[in-house]
Amino acid sequence: MNETLYHALDSIPDSMLIECERVRTAGLPKKQEPKIFRILEPIGIVAMVAAVLAVLIVAPDFLKRKPTGVASGTEGTDTTVSVTDENGFDFTGIPDDLKEAFLEAYAALNWLDEEVIEQLNQDYSKQMGDAAWLGGLSPNVKPGEASLLGGTHCYGVFEDCIVILVPTIMNAIGSGTVAGERFTYPTLFHLYGYHDGVFYSLREAYEKGYISQEEVALAAERHRAVWRYHLLLTRGEIGPVMTPSGPVYFTETTEKEETME
Amino acid sequence: MEDSKIIELYWNRSENAIRETEEAYGSYCKTIARNVLEDDADAEECVSDAYLTLWNTIPPQRPDRLQSYLGRIVRNGAINRRKARSTAKRGGGRYPAALEELAEVLAAKDGVEEAFEAKELGRKITRFLEELPKEKRVIFLMRYWYCDSVEAIAKATGFTKSKVKMSLLRTRKELKEYLLKEGIIV
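From first to last, the protein sequence lines are chains A and B.
Here the first sequence is numbered in numbering that gives the first Met the number 0, starting from 0 and rising by one per residue.
Here the second sequence is numbered in numbering that gives the first Met the number 0, starting from 0 and rising by one per residue.
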């Protein structure tokens with residue numbers, strides 16, 4: 000097969016190779032903006048200059064005010080100013096340790112492009128049923144809240160496998176081991192290895208060779224960062240996700256073993 | 000120097016021909032060879048062999064486009080060299096990871112019919128690629144013709160690695176469906 004395939008690819012026409020070579024050396028050409036934007040652009044520049052001039056002339060007092068600091072509350076008649084970091088997160092009122100844990104967990108997760116999420120959702124729905132939906136794979140999160148933990152997580156886009164955790168039943172702790180790496184989570188969950196359009200259990204994906212031991216270890220390390228944030232957020236006592244049956248109390252040592260499907 | 004002038008040098012049996020080729024396409028050739036062979040020394044040798052092949056084939060050949068012509072020689076040479084290298088080591092030829100990745104899709108359950116000619120498969124793949132949007136086609140060829148890494152493709156296209164991987168995954172799926180529809184894989 001390889002022989003046939005190799006020779007088959009050899010007959011790709013020059014025109015396609017030329018097109019490809021252009022991108023390899025100069026990148027993809029930038030998409031041209033719609034005409035309306037090109038017309039509006041000079042108007043926008045003029046408007047911006049006018050706005051800056053208006054601020055300088057009309058509101059000099061505003062510019063002389065002292066800047067307010069992080070979570071500075073109110074000063075005189077000033078309104079409280081929210082301070083956001085480079086990711087746009089507002090850490091006002093968030094303790095430093097929680098902030099650090101949040102950023103660590105946030106950095107550990109793979110936030111996927113819309114196109115990728117759309118494809119994953121299509122394949123997930125096809126396999127799991129129409130109602131299935133992988134929420135939470137894009138970074139719509141708020142520090143200090145459980146939303147980071149509430150949705151689906153991606154722990155890595157590896158060569159042959161994308162690792163996805165999907166929380167399921169909320170009032171139980173889930174845990175399981177894949178390739179010697181333990182995964183524990185404040186809900187029951189499915190841990191998938193997505194390969195070639197199919198969601199396998201991560202264990203199966205590992206057994207089939209779609210993901211290596213090192214990649215599972217990396218995914219587990221990322222998972223632990225999320226888990227640490229969760230523990231800190233809840234101070235190790237109360238689960239962030241409430242169900243009609245009430246809050247779930249847990250610590251790392253009270254987890255019960257669940258087999259991951 | 001323009002391709003036509005370099006080709007003239009070969010036709011005139013000028014010693015400058017190879018030097019000019021090296022200057023114009025040396026790095027292009029080395030990238031292809033390195034992608035396939037994953038070994039610098041092997042890649043160097045492979046490129047030198049390719050220049051020799053060029054010298055021996057022009058004349059009588061007069062390629063329309065020297066770069067593609069040379070690229071094909073380098074790719075062929077590199078894949079054969081890699082196959083020979085791994086055959087000697089492990090008793091079985093191995094192809095670059097990118098080709099193995101694609102073969103997995105094409106092999107399907109029962110594989111391509113043995114009698115099916117590579118040329119016909121090539122025609123089908125070409126037709127399939129013609130229908131693809133440019134971005135997807137370029138990503139596909141960078142991976143499976145040039146054997147570029149996902150990182151290199153992401154860098155060249157400005158896409159994220161996950162987008163590149165997903166594009167490859169989708170295209171492989173679509174190709175598989177196309178070949179199934181065409182009755183090439185069963």
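Heads up, the beta-carbon is just placed ideally off N, CA and C, and yes, glycines get one too.
| query | result |
| --- | --- |
| Tell me, please, whether the CB atom of Gly26 of chain A is closer than 8 Å to any CB atom in chain B? | yes |
| Identify the residues that DSSP records as bridge partners of Phe198 of chain A: which are they? | A:Tyr193 |
| Looking at the secondary structure, which residues open and close the beta strand (DSSP E) in which Ile163 of chain A lies? | Ile161 to Pro166 |
| Do you know how far the Cα of Val225 of chain A is from the Cα of Tyr105 of chain A? | 8 Å |
| Assign Tyr209 of chain A to one of three DSSP states: helix, strand, or coil. | coil |
| Report the rounded CA-to-CA distance for Ala42 of chain B versus Ile138 of chain B, giving the unit in angstroms. | 23 Å |
| Could you check where the beta strand (DSSP E) with Gly155 of chain A kicks off and where it finishes? | His152 to Val156 |
| Of all Cβ atoms in chain A, is any one closer than 8 Å to the Cβ of Gln66 of chain B? | yes |
| For Glu14 of chain B and Leu8 of chain B, what's the separation of their Cα atoms in angstroms? | 8 Å |
| Can you tell me whether Ile183 of chain B is helix, strand or coil according to DSSP? | coil |
| Rounded to whole angstroms, what's the CA-CA distance from Val215 of chain A to Phe182 of chain A? Just pull it up for me. | 10 Å |
| Against Asn75 of chain B, what residues of chain A qualify as contacts under a CB-to-CB distance less than 8 Å, listed in chain order? | Asp9 |
| Hey, does Ala155 of chain B have any beta-carbon neighbour from chain A nearer than 8 Å? | yes |
| For Leu178 of chain B and chain A, any beta-carbon pair shorter than 8 Å? | no |
| Measuring CA to CA, which of B:Ala151, B:Ala40 and B:Met0 is closest to Arg81 of chain B? | B:Ala40 |
| Taking its Cβ as the centre, do 16 or more other Cβ atoms sit within 10 Å of Met141 of chain B, making it buried, or is it exposed? | buried |
| For a test of the three-state rule: what should DSSP assign to Trp144 of chain B, helix, strand or coil? | coil |
| For Glu19 of chain B, report the span of its alpha helix (DSSP H) as first-last. | Asn15 to Leu36 |
| Verify the CB distance criterion: does Thr159 of chain B have a CB-CB separation below 8 Å to chain A? | yes |
| Can you tell me whether Asn79 of chain B is helix, strand or coil according to DSSP? | helix |
| Cβ of Thr125 of chain B less than 8 Å from any chain A Cβ? | yes |
| Just mark Gly25 of chain B as buried or exposed, buried being the case when its beta carbon has 16 or more other beta carbons within 10 Å. | exposed |
| Using the three-state DSSP reduction, which class does Ala178 of chain A fall into: helix, strand or coil? | coil |
| For the segment 186-216 of chain A, enumerate the residues whose C-beta is nearer than 7 Å to any C-beta of chain B, in chain order. | Asp195 and Gly196 |
| Going along the chain, which residues of its own chain have a beta-carbon closer than 7 Å to the beta-carbon of Glu19 of chain B, five neighbours each way excluded? | Met0, Ile5 and Leu8 |
| With Pro166 of chain A and Phe188 of chain A assumed to form a contact (beta carbons below 8 Å), what rounded beta-carbon distance in angstroms separates them? | 5 Å |
| Which residues in the same chain as Ala204 of chain A place their Cβ atom closer than 7 Å to its Cβ, once the five residues preceding and following it in sequence are excluded? | Cys160, Gly192, His194 and Ile210 |
| How is Phe101 of chain A classed by DSSP in three states: helix, strand or coil? | helix |
| What number of angstroms, rounded off, separates the C-alpha of Tyr177 of chain B from the C-alpha of Pro28 of chain A? | 28 Å |
| By Cβ distance, which residues of its chain are closer than 6 Å to Leu133 of chain A, with the 5 residues on each side in sequence left out? | Leu119, Asn120, Tyr123 and Thr151 |
| Please decide whether Ile35 of chain A counts as near chain B, where near means a Cβ-Cβ distance under 8 Å. | Low confidence applies here, because Ile35 of chain A scores a pLDDT of 47, under 50, leaving its location unreliable and the question unanswered by this model. |
| Do Arg71 of chain B and Asp9 of chain A count as a contact pair if the criterion is CB distance below 8 Å? | yes |
| Could you work out which residues of chain B lie near Gln118 of chain A, taking near to mean beta carbons separated by less than 7 Å? | Met165 and Arg169 |
| Assuming contact is defined by CB atoms lying nearer than 8 Å, are Leu98 of chain B and Thr3 of chain A in contact in what I supplied? | no |
| Does Ala56 of chain B pass the burial test, meaning 16 or more other C-beta atoms within 10 Å, or should it be called exposed? | The amino acid occupying residue 56 of chain B in the given sequence is Thr; Ala does not appear at that position. So Thr56 of chain B ends up on the exposed side. |
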